[in-house]
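Chains as they are written, first to last, in our numbering: chain A, 98 to 437; chain B, 423 to 608. Just so it is clear, CB atoms sit at the ideal spot from N, CA and C, and this is done for glycine as well. Since this is a predicted model, take the numbers as computed values, not measurements.
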Amino acid sequence: MMADSVRLASGLTISRNEEVLPFPHAASEDMLCTFRARVESALSRHGAPGEWEFFDMDAISSAQRAYLVERGVMTPGFAKGVGRSRAFGLFQGGRAALEINGTDHLRMLGSGPPDGLSDVWATLDHIDDTLESEIAYAFDERWGYLTARAADSGTGLRAFLTLHAPGLMITGRLAAVAASLAGEGLALAPLWSGAGGVFQVFNRKALGTSEGRITEAVTAATRDIVEQERTVRKGLLRENPVSVRDHIGRALGVAQQAWSVSVAEALTLVSSIQVGVSMDLVEGPGIDAGATLSLMRRVQSAHVVVDGMGSGLGGLEDPRVDEVRAQLLRRIFAGARVAQ
Amino acid sequence: MFSEGSDWQAAASGGRTCESCGEEPATIHVLHFDGSAVTHTHLCASCAEEEAGHVDGAALVVALPSMLGTVASAMISAVSSEREHGFAPICAVCGTTLNDFRENGLFGCAACYQVFQSYLDEELEDRTAGEHLGKVPTRTPGGQHQRREVVRLQRMLSELVESERFEEAASVRDRLAELEGQVSAG
Chain A
98 MMADSVRLAS
108 GLTISRNEEV
118 LPFPHAASED
128 MLCTFRARVE
138 SALSRHGAPG
148 EWEFFDMDAI
158 SSAQRAYLVE
168 RGVMTPGFAK
178 GVGRSRAFGL
188 FQGGRAALEI
198 NGTDHLRMLG
208 SGPPDGLSDV
218 WATLDHIDDT
228 LESEIAYAFD
238 ERWGYLTARA
248 ADSGTGLRAF
258 LTLHAPGLMI
268 TGRLAAVAAS
278 LAGEGLALAP
288 LWSGAGGVFQ
298 VFNRKALGTS
308 EGRITEAVTA
318 ATRDIVEQER
328 TVRKGLLREN
338 PVSVRDHIGR
348 ALGVAQQAWS
358 VSVAEALTLV
368 SSIQVGVSMD
378 LVEGPGIDAG
388 ATLSLMRRVQ
398 SAHVVVDGMG
408 SGLGGLEDPR
418 VDEVRAQLLR
428 RIFAGARVAQ
Chain B
423 MFSEGSDWQA
433 AASGGRTCES
443 CGEEPATIHV
453 LHFDGSAVTH
463 THLCASCAEE
473 EAGHVDGAAL
483 VVALPSMLGT
493 VASAMISAVS
503 SEREHGFAPI
513 CAVCGTTLND
523 FRENGLFGCA
533 ACYQVFQSYL
543 DEELEDRTAG
553 EHLGKVPTRT
563 PGGQHQRREV
573 VRLQRMLSEL
583 VESERFEEAA
593 SVRDRLAELE
603 GQVSAG
């Protein structure tokens, strides 16, 4: 039970390039537009009707881009970029996605539940095979799939596991975790600038190893961190029962009563309350230790704007976003209370 | 979700040395959260580990690799090699120079891997660990012959430029442009 409250999600990205065209930052927009059209037509031809939907990136609003990033179907770097040749493809309503003409010509990506890496890989591998039947990839026996960043060459694969580790964060143990991960060719990076204690473990190296070994290494390292987080949470409660209950109770009080909440504060509140839920310190109708990720998504700005269409919000910069977010928190935690 | 940290630009901190010992290359970017203030430190792995031991419970420490060791050291060795040989290589296909690569961490095309290979090679201590071991392309799309010809001409162009045979290089380049146009149109 506790393990599931620490591991939140998994994700994969695969980078590929066409053999002959210069990489996007060095190629002309016209060449990239021709390439993009080839990719879109190849995937539409091979897949079932309606399986792929393609969007012009210039036609996607900033709120929609942020929403896609929050859903885990677009990378933050691609969302920020510009250029008329850039396109975004959504596979089966979001089961996977394709970024065209970002840092590399092609980047396939997908997200899933914590133990879903192999399913995500199977989906992306299939898309990769389909693309490869039409596009000659830049490939070298020594360097593997060639990418704009030399560091991605090899498998072109990055595997991510997202963890909720506020215990390790507040006890200052993450630097040690990151240092030990670095020794294994892995890395730790904060998601949402560390708000809510959410981090991602991913591989730094894509060369000299196989796709299977990369996902195994990330999974194995994560298992160890989950165990440490679980131990820290138990230790904190055992040694400081009053301050832990006080901290969680205060978070719940703010979530139930506040009238304006920023995204960083909302993530911190949800984080504290959900730790309480996982340790049976918070109870009530609709409370679920497995809901951490979905709650953290719902309080993100683009989700508040898109889900709260009826609230008449103008966009991500609308000052009322914080008010609507506070309403949402009040609604979510209305029936929750600190267990006696 | 995908963190921005995973797409760090190698050049953003390329060549930086550890702020604590000043000797080893900094491979870990440590953010100290103290209330609302955030301070950044770039450390080597062993100083970061030591640092982790000194942090009291009130401060929050987050660490992420500030760069990729491979690329950063490759850039450092490229600089020293440049000093030794007195020239900086340039990719004749896309025009990427070693300096461009050092600034933004990006190669411009597949041929760059040939042009800058020696710099990446020097970096790899365990050469067998540097070989690609993953999936390989199995299908060969139509027009394969034309594509191989493009790759062959790209290599030839690099060599001609390197040996300063510019007239021959110009004609290879024209032929390449023509072929690339045909290939990109499918």
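By the DSSP assignment, the alpha helix (DSSP H) with residue i in it spans what residues?
i: Ala163/A; result: 159-168
i: Asn521/B; result: 520-526
i: Gly439/A; result: The shown model of chain A, from 98 to 437, leaves out residue 439/A, and the question about it has no answer.
i: Ile267/A; result: 263-267
i: Gln371/A; result: 360-375
Which residue marks the beginning of the beta strand (DSSP E) containing residue i, and which one marks its end?
i: Ala209/A; result: The amino acid at residue 209/A is misidentified as Ala; the sequence shows Gly. Its beta strand (DSSP E) spans residues 203-209.
i: Thr110/A; result: 104-113
i: Gln297/A; result: 295-300
Tell me, please, whether the CB atom of residue i is closer than 8 Å to any CB atom in chain B?
i: Trp240/A; result: yes
i: Val117/A; result: yes
i: Phe151/A; result: no
i: Gly169/A; result: yes
i: Arg430/A; result: Note that residue 430/A is Phe in the sequence shown here, rather than Arg. Answer no: the Cβ-Cβ gap between Phe430/A and chain B never drops below 8 Å.
i: Glu229/A; result: yes
i: Thr389/A; result: no
i: Asn198/A; result: no
Where does residue i land, buried or exposed, given buried means 16+ other C-beta within 10 angstroms?
i: Thr328/A; result: exposed
i: Pro263/A; result: buried
i: Asp212/A; result: exposed
i: Cys443/B; result: exposed
i: Gln354/A; result: exposed
i: Val217/A; result: buried
i: Gln371/A; result: buried
i: Phe588/B; result: exposed
i: His223/A; result: exposed
i: Met171/A; result: buried
Between residue i and residue j, what straight-line distance do the alpha-carbon atoms span, to the nearest angstrom?
i: Ala235/A; j: Ser307/A; result: 18 Å
i: Arg142/A; j: Leu206/A; result: 20 Å
i: Ala286/A; j: Ala592/B; result: 47 Å
i: Met128/A; j: Leu118/A; result: 8 Å
i: Thr220/A; j: Arg255/A; result: 15 Å
i: Phe120/A; j: Asp385/A; result: 46 Å
i: Gln325/A; j: Thr227/A; result: 41 Å
i: Gly530/B; j: Val295/A; result: 34 Å
i: Ala279/A; j: Ala467/B; result: 8 Å
i: Gly309/A; j: Ala123/A; result: 32 Å
i: Cys130/A; j: Leu410/A; result: 35 Å
i: Glu115/A; j: Val358/A; result: 46 Å
i: Gly350/A; j: Leu334/A; result: 19 Å
Using a C-beta to C-beta distance shorter than 7 Å, which residues of chain A count as neighbours of residue i?
i: His554/B; result: Glu238, Arg239, Trp240, Gly241, Gly251, Leu304
i: Ala591/B; result: Going along chain A, no residue has its Cβ under 7 Å from Ala591/B, so there is no contact; the nearest lies around 17 Å.
i: Cys581/B; result: Reading off the sequence shown, one finds Glu at residue 581/B, where the question assumed Cys. Within 7 Å Cβ-Cβ: nothing; Glu581/B doesn't reach chain A, min ~17 Å.
i: Glu602/B; result: Val117
Report the neighbours of residue i on chain B: residues whose CB is nearer than 8 Å to its CB, in chain order.
i: Lys234/A; result: For clarity, residue 234/A is Tyr in the given sequence; the question names Lys instead. The answer, in chain order, is Pro559.
Does residue i come within less than 8 Å of chain A when only Cβ atoms are used?
i: Cys516/B; result: yes
i: Glu445/B; result: no
i: Val573/B; result: yes
i: Ala470/B; result: yes
i: Glu584/B; result: no
i: Leu520/B; result: no
Show which residues of chain A have a CB atom less than 9 Å away from the CB atom of residue i.
i: Ala448/B; result: Result: empty, since nearest Cβ-Cβ is about 12 Å, beyond 9 Å.
Note down, in chain order, every chain A residue with its Cβ under 8 Å from the Cβ of residue i.
i: Glu426/B; result: Pro173, Gly174, Ala286
i: Ala467/B; result: Ala276, Ala279, Gly280
Please list, in chain order, the chain B residues whose beta carbon lies closer than 7 Å to that of residue i.
i: Phe223/A; result: First, the residue type needs correcting, since residue 223/A is His and not Phe in the sequence shown. Result: empty, since nearest Cβ-Cβ is about 12 Å, beyond 7 Å.
Comparing the CB of residue i with every heavy atom of the ligand MN, is any distance shorter than 7 Å?
i: Ala275/A; result: For the ligand MN, the structure offers nothing, since it holds no ligand at all.
Name the chain B residues whose beta carbon is nearer than 9 Å to that of residue i?
i: His122/A; result: Asn526, Leu528, Gly530
i: Asn337/A; result: None at all; the shortest Cβ gap to chain B is about 10 Å.
i: Ser208/A; result: Met423, Phe424
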